[in-house]
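In what follows, a single structure is set out as structure tokens and then discussed.
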Amino acid sequence: MKRKFYEISNTGQDQLFGQETKRRKIESQRVGDFIVDAKNSVNFRLSSDINQLEDQSITSQFFSPKFLHTIFGEKERISGYEGLSVDITFSKKRLLPFLQISYENKAPAFANVDNIEELFQKQFGRIYDKPEQFIERLNEEDNIPPWGERISDFTGEKEVNKCFINKIGLENELFHEQNFYLQSILPFFIDGASVIEPSPFWKYFLVYEHGSHNLLAYATVFEAHHNAEKFRAKISQVFVLPPYQRQGLGQKLYQTMYDHYVKDQPKCFEVIVEDSSDEFQRLQDQINSESYLKLNKQLVSTLSGLPISNVINNADQLKIFTLTKQQVEQFARDLKVPQATVLRLHDLAVYSFLGNNTNVLTAYRINIKKRYYVRCAKSYMELFKNVGNQLFDSKGGLNEPYVYNEQLEEDPFCRNEDEEERKDQKAIEGERVLTQEAVKIELKNIYNTLIEGYDQLKSKVNALVTQNLLHQKLA
């Protein structure tokens, strides 16, 4: 089953708030008579401080869930209350949930009143609502060591100090309860997140803080075995808890997982990420670019030797950066990534040395779109009339005149047909035109999305080569 993947990255410390902001949220939550907005009513926080559980005067760092429709429906509204505050405190080591509900007014019993505790109970399986029960579990946490086997140590950024990463598999039945709580929080931050079921092929990578052993982040990887001697590592979920975001943990976690499978797991032949978010894709590109440039010494040498201002200023120069099929296959094997990833990393490296020459930028754009055009052509075969086996060559590419080029950018599927056939096929032609436009828009969006990501990494990748940063990292 395909699973949603994201690194939660658009909350972070700038979205943490205290009691005053919480009060303002309550003041603005009203939608109608005894109907309130769920996002302005529900607040999360991490704490293992027993004193914080009931003393609201103590400063807390709350954060809001992004999604609540799985609990309160599509409109994310709660019925039956006014001045509602729903606080869920998660323990810092195991994410056990403690629920506190308060309100100014409650609708009469005969009215539609949501059973908030029951709704959250369904999500978490068990949720604590009595302080003494939760305190008992907090005391137990103090005696429970971090899960898994240590594979890495590192120093964090900003407020996060020394950390370590452990790995554990779901073949360990003692970890199943912890897995349940780790999965239960994800739908509040990942739209459409699906829960993973216990299987020995699922592995967790857990980021802990030294000393406190507080859980900071975690990721899941499915080791998809082709046979007993060969498997593909599929990174499925990466979640950095909101109070610890924007501190480099996602980057350290991905780097550790990638290095683990590339260097320490000889049976692993490929590492992929499922449904990566745009921001996490950029994180991957940054880390993987370093690995690719270290491997492709010829590319680094050629880029370093560009004669004028370290930029590609002639469209013909792009030809020297073309990879052969054999090179792509070899780099993919060495890096343990898909061939499409190698091409993406190569494109990013070349783009990092493009200047403002219009002819160069046009040639680069056409080369990129050619590749994605082949995919579109295979998806929309009905657009090509009466060409049969003439469309694709023996290597799966497009034959002339069906290849993508600068002229076809305006009308990529325009082909001459007999006038009589057009008259007889008006309905079909109308549908073809609509599909042509859809493909053109799709190609444009694909390219613009790629370039948007490349622009954010261009200077960093360029610096790896021009400022000898790559050699420093190699040393």
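Take any residue in the sequence shown, count from 1 to its spot, add 108: that is its number in this note's numbering.
Glycine included, each C-beta is placed from N, C-alpha and C at the ideal position.
Considering just the uninterrupted stretch of the alpha helix (DSSP H) at T263, what are its terminal residues?
Per DSSP, T263 belongs to no alpha helix (DSSP H); it is in the beta strand (DSSP E), E257 to T263.
Could you tell me whether the Cβ atoms of S397 and V573 are closer together than 8 Å?
Contact flag unset, no.
Would P254 and N274 be called neighbours here (beta carbons separated by less than 8 Å)?
Yes; because the gap between Cβ atoms is below 8 Å, this pair is in contact.
Secondary structure at S385, three-state DSSP: helix, strand or coil?
Looking at S385 - three-state DSSP - the assignment turns out to be coil, as it is neither helix nor strand.
When you compare the segment 339-347 with the segment 381-398, are there three or more beta-carbon pairs, one atom per stretch, that lie closer than 8 Å?
Yes, the segment 339-347 touches the segment 381-398.
For a test of the three-state rule: what should DSSP assign to N524, helix, strand or coil?
A caution first: N524 carries a pLDDT of 48, below 50, which makes its placement in the model too unreliable to give a value.
Restricting to Cα atoms, I'd like to know which of L426, Y189, I224 and Q447 is closest to V436.
Looking at the Cα atoms, Q447 is the closest of the given residues.
The segment 269-288 in contact with the segment 313-320 per 3-pair CB rule at 8 Å:
Output reads yes: the segment 313-320 touches the segment 269-288.
Distance, Q355 Cα to G264 Cα
The alpha-carbon atoms of G264 and Q355 are separated by roughly 7 Å.
Could you check if P374 is buried or exposed, using at least 16 other CB atoms within 10 Å of its CB as the buried criterion?
Exposed is the call here.
Output the distance between the C-alpha atoms of I243 and P173, rounded to the nearest integer angstrom.
Taking the straight line joining both Cα atoms gives about 24 Å.
Looking at the strands, I want to know which residues DSSP matches up with P254.
Its beta-bridge partners do not exist; DSSP assigns none.
C-alpha gap between E560 and N159, whole angstroms
C-alpha separation (whole angstroms): 47 Å.
Three-state secondary structure (DSSP) of G277
In the three-state DSSP reduction, G277 falls in the strand class (E or B).
Can you give me the Cβ contacts of I252 inside the same chain, cut-off strictly under 8 Å, excluding the 5 residues immediately before and after it?
Taken in chain order, the residues that qualify are K201 and R202.
Roughly how many angstroms separate the alpha carbons of L154 and S168, rounded to a whole number?
L154 and S168 have their C-alpha atoms some 9 Å from each other.
Using C-beta distances below 6 Å, list every residue in its chain close to V370, excluding the 5 sequence neighbours before and after it, in chain order.
Here the set comprises K444.
Just tell me which of K477, N280 and K405 has its CA closest to the CA of A457.
Put simply, of K477, N280 and K405 the residue whose alpha carbon is nearest the alpha carbon of A457 is K405.
Note the first and the last residue of the continuous alpha helix (DSSP H) segment covering L61.
A query on residue 61 cannot be resolved here, the shown segment of the chain reaching from 109 to 583 and no further.
From the DSSP secondary-structure annotation, give me the bridge partner or partners of A341.
DSSP lists E331 and V379 as the beta-bridge partner residues of A341.
Taking Cβ to Cβ, would you say S156 is nearer than 8 Å to L290?
Their beta carbons are not under 8 Å apart, which means S156 does not touch L290 by this criterion.
I need the DSSP call for K214, collapsed to helix, strand or coil.
Strand.
Ignore the nearest five residues each way along the sequence and tell me which others in Y562's own chain have a CB closer than 6 Å to its CB.
So the list reads L456 and Y459, once near-sequence residues are dropped.
So that I know if they touch, is there some Cβ in chain D lying closer than 8 Å to that of L192?
This model lacks chain D altogether, as it is built from one protein chain only.
Between S260 and G319, what straight-line distance do the alpha-carbon atoms span, to the nearest angstrom?
Going by the C-alpha atoms only, they are around 15 Å apart.
Buried or exposed: which applies to R452, given that a residue is buried once 16 or more other Cβ atoms fall within 10 Å of its Cβ?
Taking a 10 Å sphere around the C-beta of R452, we find 16 or more other C-beta atoms and assign the residue as buried.
Any contact of the segment 287-301 with the segment 210-230, i.e. 3+ C-beta pairs under 8 Å?
Not touching, per the Cβ criterion.
Cβ separation of L192 and V144, assumed to be a contact under 8 Å, to the nearest whole Å
Right, the Cβ-Cβ distance comes to about 5 Å (below 8 Å), so this counts as a contact.
Return the residue from the list L426, V408, T449 and L282 that minimises the CA-CA distance to I474.
Comparing Cα positions, the closest option is L426.
Alpha carbon of S149 to alpha carbon of N322, nearest angstrom:
Taking the straight line from one Cα to the other gives about 27 Å.
DSSP three-state call for P205: helix, strand or coil?
The answer is strand: DSSP assigns P205 an E or B state.
Grouping DSSP H, G and I as helix and E and B as strand, with all else coil, what is I143?
DSSP, reduced to helix, strand and coil, places I143 within a strand of the structure shown.
Under a three-way DSSP split, which group does R138 fall into?
Under the three-state reduction of DSSP, R138 is assigned to strand.
Cβ-based neighbour list, F262, same chain, cut-off 7 Å, excluding 5 preceding and 5 following
C271 and K360.
Along the chain, where does the beta strand (DSSP E) containing V194 start, and where does it finish?
DSSP places V194 in the uninterrupted beta strand (DSSP E) bounded by S193 to F198.
Please name the residue, chosen from V408, H333 and N220, that lies closest to F142 on a Cα-to-Cα basis.
The residue with the shortest Cα to Cα distance from F142 is N220.
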